[in-house]
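Engineer: Residue numbering for the sequence shown follows this note's numbering, beginning at 826 and increasing consecutively. Beta carbons: idealized from backbone N, C-alpha and C, even for Gly.
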Amino acid sequence: MIEQKKIYEVAVYLRKSRDDTDGEEDVLLKHETALTDLVRKNNWRYVIYREIGSSDSIDYRPEFKRLLKDVENDFYDAVVVMDYDRLSRGDKEDRARVEKILQQSNTLVVTPSRVYDLNDEDQELITDIEGVFARYEYRMIKKRFQRGKKIGARLGHWTNGPAPFPYIYNSEARSLEPDPDKLDIYNLIKQRLLDGKSCAAVCWELNRMGIPSPKGKLWQESVVYRLAINEVHLGRIIYGKTSGGLHKNRKTAPFRINPRENWVIVENAHPAVKTLEEHAEILKLLEQRRIQSKRTRHGTYVYSGLIYCGKCGAAHQFQPKENGRLLVKKCQKIDPFGKRCGNPGTDVEHVDLAVIESLRNYEEEIRARPIQITDTPDMAPQMLLRLKETELEGLHEGVARLKDMYVSGDLTKQEYRTRLDHQKDLIVKKENDIQHLKETLQVGGPVSDHERLQRIEQLQNVWKRLDSHPEEKNRLLKQLIERIEYVRDNYRIDVKVKFR
């Protein structure tokens, strides 16, 4: 049958769900070995599309979307997959979309066990039936998985992911138990909170003591707060507290916190590290410290979002006075060790003078440049972006070549892992470079000197008008200025204006 269909060019689609229990790379390598053996046996030329994800929807499967586009453009005679349901586990709409593209392009689907021709009416009926059963099976697996977690919680088993600080997971008992070293730190946090210290103060003390956070980083106020209110420390297991999700790559129900009466709460599931009385006292103290928000309307000032502290880099805030003056407030930034930056504030008039002088010098600098023959934007940033994207594609192809070398036996598993880790580091660095370059271009792209002079003139005209609103000045300033760095040392004020 395969010879009769005259298959020459194929796409190999490898998809591994994040929910699978094996290691990600191992699962893909097993599937890749089986499928590449199949295509090489039949002497087909092939291109591999690899994907690791948790979404059934096509919209959140970038590699599969790319594959469908290539199939639509008639690049291949067949798509080779481990099982047909790797293509058809989505909803009816997605399944119909896939089958329509395969039919219109007359592209076959090949698995290690059979060939599917969707333009054959008999086989189309079979694939429809298999698709229905595959989707039903998938839903049952998810349902059993959720039911198993719920039953496990009722039995006192820990089913809510990584063990929370200061616990560790005991796989034999399927329960939590306190880690002695972490418990000492937790007791210190608990005692400081009971003594009336704020979460921020506890956070600063831990950082000064050199104690790492649960993730090995500096402590943050939010981390201490979450530890303070966590009911797991009472020996409880809580399941069903929330439903839905905020996952950006899945079609899920809206996230919401369920009523407490609907939660599954199991008492004495593991050793408690705080008492009910301590928990209630901590909640009471935290509630007393909560700052009640005032319903005040904050207007936009001329330099909103532009003035940054030249010492720590934090954004400065503003304080209007009753006499009509506007002040740049003292820098309120506090570092993770509790030390306040304290860059003093000043009158906005000092910033005005510095900005006006900087704009005047900037205008003179632009006018002194050689006259541009055309106002054609500089294409260097776009060319650099395309070059980096091409380099990124090359790095991804390098990962594919490494896998081919490992499958063919040219690399040992240790050599493969070492080279793969290095390649992934290069990919992350290149992706960061590309993202930074894109953010630079999103400001408005390259601007000609002629456009800069027009913006300066427009700002000058608006600045002179007494009835101009600060929002308009702020908008025009942001077209010219990226940031204003401000530092005050006693009576010496240093203002640096960085133009776009």
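Taking A1053 as the reference, which of V1027, L1227, E834 has the closest Cα?
Structural biologist: Within the sequence shown, the letter at position 228 stands for residue 1053. Relative to A1053, the option among V1027, L1227, E834 whose CA is nearest is V1027.
Engineer: With distances taken between CB atoms, is the gap from V1098 to P1003 smaller than 8 Å?
Structural biologist: In the sequence shown, counting from the first residue as 1, residue 1098 sits at position 273. In the sequence shown, counting from the first residue as 1, residue 1003 sits at position 178. Yes. Within cutoff.
Engineer: Go through its chain and collect everything with a Cβ distance to N1055's Cβ below 7 Å, but skip five positions before and after it.
Structural biologist: Within the sequence shown, residue 1055 is the residue found at index 230, counting from 1. Close CB contacts of N1055 within its chain, under the 7 Å cut and outside five residues either way in sequence, are with P989 (chain order).
Engineer: For the beta strand (DSSP E) holding Y1133, just list the boundary residues, first then last.
Structural biologist: By one-based count along the sequence shown, residue 1133 stands at place 308. 1132-1134 is the extent of the beta strand (DSSP E) around Y1133.
Engineer: Looking only at C-alpha atoms, which of L943, Y1241, L860, Y1311 sits nearest to Q1142?
Structural biologist: On the sequence shown, residue 1142 is found 317 positions in, with the first residue counted as 1. It is Y1311 whose Cα lies nearest to the Cα of Q1142.
Engineer: If contacts are defined as beta-carbon pairs under 8 Å, then N1087 and G1065 qualify, I think. What distance do you get, rounded to the angstrom?
Structural biologist: In the sequence shown, residue 1087 corresponds to position 262, counting from 1. In the sequence shown, residue 1065 corresponds to position 240, counting from 1. So it is a contact: roughly 6 Å between Cβ atoms.
Engineer: Kindly indicate the opening and closing residues of the beta strand (DSSP E) around V1127.
Structural biologist: In the sequence shown, counting from the first residue as 1, residue 1127 sits at position 302. Element bounds for V1127: n/a, residue is neither H nor E.
Engineer: Just tell me which of H1175, L1178, D1258 has its CA closest to the CA of E1214.
Structural biologist: Here residue 1214 refers to the residue found at position 389 of the sequence shown. Measuring from the Cα of E1214, the nearest candidate turns out to be D1258.
Engineer: Which of helix, strand or coil does DSSP assign to S996?
Structural biologist: In the sequence shown, the residue the question calls residue 996 occupies position 171. Coil, per DSSP.
Engineer: DSSP three-state call for V1321: helix, strand or coil?
Structural biologist: Mapped onto the sequence shown, residue 1321 falls at position 496. What sits at residue 1321 in the sequence shown is Lys, not Val. Of the three classes helix, strand and coil, the one that applies to K1321 here is strand, per DSSP.
Engineer: Taking just the CA atoms, how far does Y1133 sit from L1220?
Structural biologist: Within the sequence shown, numbered from 1, the residue matching residue 1220 stands at position 395. Within the sequence shown, numbered from 1, the residue matching residue 1133 stands at position 308. The alpha-carbon atoms of L1220 and Y1133 are separated by roughly 38 Å.
Engineer: Secondary structure at I1329, three-state DSSP: helix, strand or coil?
Structural biologist: This structure does not reach residue 1329, given that the chain is present from 826 up to 1325, and the question cannot be answered.
Engineer: Quick check on the DSSP output: what are the complete alpha helix (DSSP H) runs of length 4 or more inside the region 917-952, in order along the chain?
Structural biologist: The qualifying runs are 917-929.
Engineer: Distance, Cα to Cα, K1146 vs R1290?
Structural biologist: Here residue 1146 is taken as the residue at index 321 of the sequence shown, counted from 1. Here residue 1290 is taken as the residue at index 465 of the sequence shown, counted from 1. Taking the straight line joining both Cα atoms gives about 22 Å.
Engineer: Under the three-state reduction of DSSP, which class applies to Y833: helix, strand or coil?
Structural biologist: The residue given as residue 833 occupies position 8 in the sequence shown. The three-state secondary structure of Y833, taken from DSSP, is coil.
Engineer: In terms of alpha-carbon separation, which member of V872, D910, Y909, E918 lies closest to V896?
Structural biologist: Within the sequence shown, residue 896 is the residue found at index 71, counting from 1. The residue with the shortest Cα to Cα distance from V896 is V872.
Engineer: To the nearest angstrom, how far is it from the Cα of A836 to the Cα of V905?
Structural biologist: For the purposes of this step, residue 836 is taken as the residue at position 11 of the sequence shown. For the purposes of this step, residue 905 is taken as the residue at position 80 of the sequence shown. Looking at the two C-alpha atoms, the distance is approximately 6 Å.
Engineer: Is E834 closer than 8 Å to F900 when the C-beta atoms are compared?
Structural biologist: Locating residue 900 in the sequence shown gives position 75, where the first residue counts as 1. Locating residue 834 in the sequence shown gives position 9, where the first residue counts as 1. Yes. Within cutoff.
Engineer: Does the region 1005-1018 come into contact with the region 981-995, if we say contact requires no fewer than three beta-carbon pairs (one atom in each stretch) closer than 8 Å?
Structural biologist: The region 1005-1018 vs the region 981-995: in contact.
Engineer: Taking the alpha-carbon of A1094 as reference, which of A859, A998, K1136 has the nearest alpha-carbon?
Structural biologist: Taking the first residue of the sequence shown as 1, we reach residue 1094 at position 269. When each option's Cα is compared against that of A1094, the closest is A998.
Engineer: So, using beta-carbon positions, are N985 and T1125 closer together than 8 Å?
Structural biologist: By one-based count along the sequence shown, residue 985 stands at place 160. By one-based count along the sequence shown, residue 1125 stands at place 300. It is not a contact, given that the beta carbons lie outside the stated cut-off.
Engineer: Just how far apart, CA to CA, sit W869 and K1303?
Structural biologist: As a first step, residue 869 must be located in the sequence shown, where it is residue number 44. As a first step, residue 1303 must be located in the sequence shown, where it is residue number 478. Distance between the alpha carbons of W869 and K1303 is about 57 Å.
Engineer: Would you please state the rounded distance, in angstroms, between the beta carbons of L1018 and L1110? I believe it to be under 8 Å.
Structural biologist: Along the sequence shown, read from residue 1 onward, the residue named residue 1018 stands at position 193. Along the sequence shown, read from residue 1 onward, the residue named residue 1110 stands at position 285. The pair is a contact, with the Cβ atoms about 7 Å apart (cut-off 8 Å).
Engineer: Check the C-beta distance from R1211 over to L1227 and give it rounded, since I have them as a contact under 8 Å.
Structural biologist: Translated into positions along the sequence shown, residue 1211 becomes position 386. Translated into positions along the sequence shown, residue 1227 becomes position 402. So it is not a contact: roughly 25 Å between Cβ atoms.
Engineer: Suppose contacts are defined by Cβ-Cβ distances below 8 Å. Is V1320 in contact with L1301 by that definition?
Structural biologist: Here residue 1320 is taken as the residue at index 495 of the sequence shown, counted from 1. Here residue 1301 is taken as the residue at index 476 of the sequence shown, counted from 1. Cβ distance not < 8 Å, so V1320 and L1301 don't count as in contact.
Engineer: State the DSSP-derived secondary structure class of F1143, mapped to helix, strand or coil.
Structural biologist: Here the question's residue 1143 lines up with position 318 in the sequence shown. The answer is strand: DSSP assigns F1143 an E or B state.
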